[in-house]
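*Asks:*
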């Protein structure tokens, strides 16, 4: 393999690593063993985050994606003060006003830095081919065989752990819980859409919608 081709290949490998890390995925989930055949028709989406703007984006995007899939949803920031801590009273009031039968909470619980190392490698380049009738010292521009070393490549990225819980609005019981991971926590809109997709798939799989 020629050195220039090997370097290009290395760039493709690194790009592939970054792309594979970009997805938001469900890493763990739970529901009570005695989960009743309860269907939820409207969910109140509540994002637990310090920034009111980030909260608005999370709730708006997730609620919109749920609606598009046929699940009624409402953003909690429209019914509760944006800059005040959520209390049980304000939450109960918001649930009543929204007419929701389930409360969906989303919270980033941890952000950690991870490292992905692509091992280095050694490769040989045999040089240009030339006809045997011509000795190499008469060939202008001929280069002999070479050996080159590509050092290991280290890719560092952030991974956020996101906890998603579905509570029954009437009893307050936890109905479903999921732990998600994303490597691009700063892309709020993209992550919100991914979270909504995972939630929709999980709730349908468990027969909750």
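In mature numbering (1 follows the signal peptide of the UniProt record, and there is no 0), the protein residues as written are -22 to -1, 1 to 187. Cβ atoms here follow ideal geometry from the backbone N, Cα and C, with glycine treated the same way. Fair warning: this is a prediction, and the values are worked out from it, not measured in the lab.
Roughly how many angstroms lie between the CA atoms of residue 166 and residue 16, to the nearest whole one?
*Replies:* Rounded to whole angstroms, residue 166 to residue 16 spans 31 Å at the Cα level.
*Asks:* Can you give me the C-alpha to C-alpha distance between residue 18 and residue 185, rounded to a whole angstrom?
*Replies:* Using only the alpha carbons, I get a separation of about 9 Å.
*Asks:* Name the DSSP beta bridge partners of residue 141, please?
*Replies:* 85 and 157.
*Asks:* What residue range does the beta strand (DSSP E) around residue 50 cover?
*Replies:* Segment 50 to 53, the beta strand (DSSP E) holding residue 50.
*Asks:* Thinking residue 82 and residue 177 are a contact (beta carbons under 8 Å), I'd like their distance in whole angstroms, please.
*Replies:* The Cβ separation is near 7 Å, so the contact holds.
*Asks:* Would you mind giving the Cβ-Cβ distance between residue 52 and residue 76, rounded to the nearest angstrom? I have them listed as a contact below 8 Å.
*Replies:* With a Cβ gap of about 4 Å, residue 52 and residue 76 count as contacting.
*Asks:* Between which two residues does the alpha helix (DSSP H) carrying residue 79 extend?
*Replies:* Run containing residue 79: none; DSSP gives neither H nor E here.
*Asks:* When the Cα atoms are used, what is the spatial distance from residue 99 to residue 84?
*Replies:* Between residue 99 and residue 84, the C-alpha separation is close to 43 Å.
*Asks:* Opposite residue 27 in the DSSP bridges: which residues?
*Replies:* Answer is none; residue 27 lacks a bridge partner.
*Asks:* My output table needs one value for residue 36: the three-state DSSP class, helix, strand or coil.
*Replies:* In the structure shown, residue 36 sits in a helix (DSSP, three-state: H, G or I).
*Asks:* Just tell me which of 26, 43 and 143 has its CA closest to the CA of residue 55.
*Replies:* The residue with the shortest Cα to Cα distance from residue 55 is 26.
*Asks:* Based on Cα-Cα distance, which residue from 33, 67 and 49 lies nearest to residue 86?
*Replies:* Nearest C-alpha to residue 86: 33.
*Asks:* What three-state label does DSSP hand residue 90 in the structure shown?
*Replies:* Correct three-state label for residue 90: strand.
*Asks:* Based on DSSP bridge pairs, tell me the residues matched to residue 6.
*Replies:* According to DSSP, which records beta bridges pairwise, residue 6 is partnered with 157.
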